[in-house]
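First comes the structure, then the notes that go with it.
Number of protein chains: 2
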Amino acid sequence: MQGTFEGGTVRVGGDARQRFYDARGYGRPLEGNRIELAPVEAAHLLFRGDLDGVVGSDGEAMDFRTFLVATDVALEFVVYKDLRDRGFYLSPARDGWVDADDAGAASDTDFVVYPRGKGPADDEVAYRVRVAGERETIAAAALGEVVLAVVDEEGELTYFETGRPDAAGDADAEGSRYDPPVGLDAALLADRAVVWDPPADLHDRGFYGQRLHGRNAESGPLQLSLVEAAYLARRGALALDEPRVVERGRDVEGERFDRRLRAYAALRAAGSVPKSGFKFGADFRTYDTFTTVDEMDHSTRLIRVVAPDHTFLPRDLSLDVRLAGGVRKRMVFALTDVNEGIDWLSVARLTP
Amino acid sequence: MQGTFEGGTVRVGGDARQRFYDARGYGRPLEGNRIELAPVEAAHLLFRGDLDGVVGSDGEAMDFRTFLVATDVALEFVVYKDLRDRGFYLSPARDGWVDADDAGAASDTDFVVYPRGKGPADDEVAYRVRVAGERETIAAAALGEVVLAVVDEEGELTYFETGRPDAAGDADAEGSRYDPPVGLDAALLADRAVVWDPPADLHDRGFYGQRLHGRNAESGPLQLSLVEAAYLARRGALALDEPRVVERGRDVEGERFDRRLRAYAALRAAGSVPKSGFKFGADFRTYDTFTTVDEMDHSTRLIRVVAPDHTFLPRDLSLDVRLAGGVRKRMVFALTDVNEGIDWLSVARLTP
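Taken in sequence, the protein lines are chains A and B. According to the numbering used here, the first sequence is numbered sequentially starting from 5. According to the numbering used here, the second sequence is numbered sequentially starting from 5.
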């Protein structure tokens, strides 16, 4: 059986509709029993030997190899074949091939994947998949609904599922809110602040700061990060001018400081307790069920603050997500505008 | 007992030499029994109550708190105190305070740390420590001998030991060298190459490429990364022009491609087998005792290729090193000039 390559798709006649579309979810029906196939579908049928060749505009029949080079769909082929091998039927999300709803709000979907046992004629979607090479940049704003399938430079596949959680994580904002006292004596140092005589609760229940005398100390002065200090100064908890602290923060890290402060404040407002994520290479780790320092759970999320127009290199995403997975935390990006709101984006490894 | 702050150091008389220098390794001796202390040492003695105050130029005695703010040595204090608490004596690496040899070739040493039980009068060094805040940038070229002590924004400490290994890792260059055949039929695709009928050994003994038919396939075409393809083309193994492959690589990732190719070739030349490090967010993972695909050990190193003038943000370093540690691999940076040699830099977590 042969197909004809014209206008960007491959048309197949004969009993193609029954054999390929109805029985196995390839292509989309045309009039009669004819179907049209996206190049990646035709490549897969060529690869399997279900199509013998595809006739190009020069009248010559192309085999799998020639067709793959001519259409350069190697990247899509790797993903398409992998999902087929895992037992899924899937459709290329070409204009008019799938419902706009199924393709999702973002126009960045490459494949609509149906639940196992379902196909294009059913009305269910398991995943919307976007295919990316290792070197492409991915706009953070385009993620949140799609599964990102990254093909690395050697052709290995990694799937990332993306979501749009809220600021709270699992935090119960009503649970254990701690209100710091007012006007605590504090000094601003080069890139941190020190509270000289903090009430015990500031650290033990609010989990602000770190003992200047070392992590095993149970009392004494507290070092605060500039983010913590700015947040507490804004609430009147420190005898420090908030603008002075913010100014110092900007000196140290530019407008990133404003972003980080916004994300920090949003996490606190949602009942979560953010602490430095330095040991994990992130901005914050969060404790979402925090009551006191003595009864601390494992931190549950790693937060990285980025600008709303941030673009990811897949490799950086892979690094963050792999690390978070290894320490059983959820990787969350805070897409934070200096003046506007925050969009939260979670990314995790997925095995379809 | 009081000290006097002048010219950047604190001078102490009385029996200071016996009490502080001889017995506990603080400061350096002056004439008679007097010593001088670096500000961080004086801060530590004030903190402990061993000094009652330090008299400044205005004739007023400063306590710990006032002295810390006046000298802004909070960062150094956190590290100094931690190492003391761990049982080490250490000296500030000020000009003329320690032997130039002890301070190391780099002038970036802040503290010379003596082995436990030893002190400044002995001639042994355990660590040369450089102190850095989380926001400072660290030149890669300045690492390799020092231990980097990073104080994060909340005052938590992380130690990184750095070294200068060679390209070989544990690889035995004589062991299992595989010489690929010549002139294999291959096609250049957008960001990869495909070898259509590879001999089995190309993958199984050379560990080049990845099956186009998926990772469980045992035969069929091999996808090669552009780096693998350029390396093999240079050796005549592929019927592809090396310059064409390199050109394609540069199109995809600029001069980083040249750097990565140099590092790849150096690793192969040293008997190591580099494969994509994408899943770990690195350039390569390396198999250093590779014989065949069927008898593969765990990969032992993660390699990130950077320019020789690269500067690290401590947080990025923390991310790489934490991930590598979590998967029991060694993090190695290849400081690679496009035209010159490669300096290898290993970085690992250290508990002093």
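Where is the CB? At the ideal position from N, CA and C, for every residue including glycine.
At the level of alpha carbons, what is the spacing between residue i and residue j?
i	j	result
A125 (chain A)	T355 (chain A)	25 Å
T141 (chain B)	E149 (chain B)	17 Å
A267 (chain A)	L79 (chain B)	26 Å
D127 (chain B)	V151 (chain B)	19 Å
K283 (chain B)	D89 (chain A)	21 Å
A243 (chain B)	D189 (chain B)	5 Å
Q214 (chain A)	V250 (chain A)	20 Å
T13 (chain A)	A42 (chain A)	5 Å
S61 (chain A)	G7 (chain A)	12 Å
L271 (chain A)	Y291 (chain A)	10 Å
R134 (chain A)	F316 (chain A)	14 Å
A221 (chain A)	Y25 (chain B)	26 Å
D208 (chain A)	F81 (chain A)	55 Å
G253 (chain A)	V198 (chain A)	15 Å
M335 (chain A)	A65 (chain B)	50 Å
E165 (chain A)	R353 (chain A)	6 Å
D255 (chain A)	D324 (chain A)	27 Å
D54 (chain B)	R38 (chain B)	15 Å
L228 (chain B)	R305 (chain A)	36 Å
A144 (chain A)	G258 (chain A)	21 Å
A320 (chain B)	A234 (chain B)	Strictly speaking, residue 320 (chain B) in this sequence is Asp, with Ala absent from that position. Each residue's Cα considered, the two are about 30 Å apart.
D56 (chain A)	D347 (chain A)	49 Å
G159 (chain B)	G281 (chain A)	12 Å
L50 (chain B)	L72 (chain B)	10 Å
G29 (chain A)	M300 (chain B)	38 Å
By DSSP's criteria, residue i is part of a beta bridge. Which residues make up the other side?
i	result
Y131 (chain B)	B:V117
K279 (chain A)	A:R289
Q6 (chain A)	A:G57
E40 (chain A)	A:R15, A:R32
P96 (chain B)	B:F115
S303 (chain B)	Beta-bridge pairing links S303 (chain B) to no other residue.
W348 (chain A)	A:A338
F316 (chain B)	B:I142
R308 (chain B)	B:F337
R248 (chain A)	Note: R248 (chain A) sits in no beta bridge, so no partner.
L2 (chain A)	The question about residue 2 (chain A) has no answer here: the residues shown for chain A are numbered 5 through 356.
R215 (chain A)	A:L226
V154 (chain B)	B:A136, B:T162
L242 (chain A)	A:L188
With DSSP as the reference, label residue i as helix, strand or coil.
i	result
F261 (chain A)	helix
E165 (chain A)	strand
F294 (chain B)	coil
T340 (chain B)	strand
R334 (chain A)	strand
L271 (chain A)	helix
R254 (chain B)	helix
A197 (chain A)	strand
V358 (chain B)	This structure cannot settle anything about residue 358 (chain B), because the visible part of chain B is limited to 5 through 356.
G63 (chain B)	coil
R209 (chain B)	coil
L192 (chain A)	strand
A136 (chain A)	strand
S229 (chain B)	strand
L50 (chain A)	helix
L147 (chain B)	coil
R90 (chain B)	coil
A328 (chain B)	helix
K85 (chain B)	helix
- Report yes or no: do three or more beta-carbon pairs, one from the region 90-98 of chain B and one from the region 116-124 of chain B, lie closer than 8 Å? yes
- What residues in the region 240-270 of chain A bring their beta carbon closer than 8 Å to a beta carbon of chain B? V256, E257
- Task: May I ask you to verify whether the region 307-315 of chain B touches the region 332-344 of chain B, counting CB pairs closer than 8 Å and requiring at least 3?
- Result: yes
- Residues in the region 281-305 of chain A with C-beta within 9 Å of chain B's C-beta atoms, listed in sequence order? G281, F282, K283, F284, G285, A286, D287
- Message: Under 8 Å, with one C-beta from each stretch per pair, do the region 278-296 of chain B and the region 321-329 of chain B reach the 3-pair mark?
- Response: yes
- Residues in the region 184-203 of chain A having any Cβ partner in chain B nearer than 8 Å: A191, L193, A194, D195, R196, V198, W200
- In the region 146-176 of chain B, which residues sit with their C-beta less than 7 Å from some C-beta in chain A, listed in chain order? D156, E157, E158, G159, E160, T162
- Query: Between the region 45-58 of chain A and chain B, which residues of the former have CB atoms less than 7 Å from a CB of the latter, in chain order?
  - Reply: none
- Message: By the 9 Å beta-carbon criterion, what residues does the region 213-232 of chain B contribute toward chain A?
- Response: G213, Q214, R215, L216, H217, G218, R219, N220, P225, L226, Q227, L228, S229, L230, V231, E232
- Task: Note down, in chain order, all residues in the region 320-339 of chain A with a beta-carbon under 9 Å from any beta-carbon belonging to chain B.
- Result: D320, L321, S322, L323, D324, V325, R326, L327, G330, V331
- Item | Chain-ordered residues of the region 85-103 of chain A with a beta carbon less than 7 Å from chain B | K85, D86, D89
- Task: Name, going along the chain, the residues of the region 114-145 of chain A whose beta-carbon falls closer than 7 Å to a beta-carbon of chain B.
- Result: G137, E138, R139
- Can you give me, in chain order, the residues of the region 62-77 of chain A that have a beta carbon less than 7 Å from any beta carbon in chain B? R69, V73, D76
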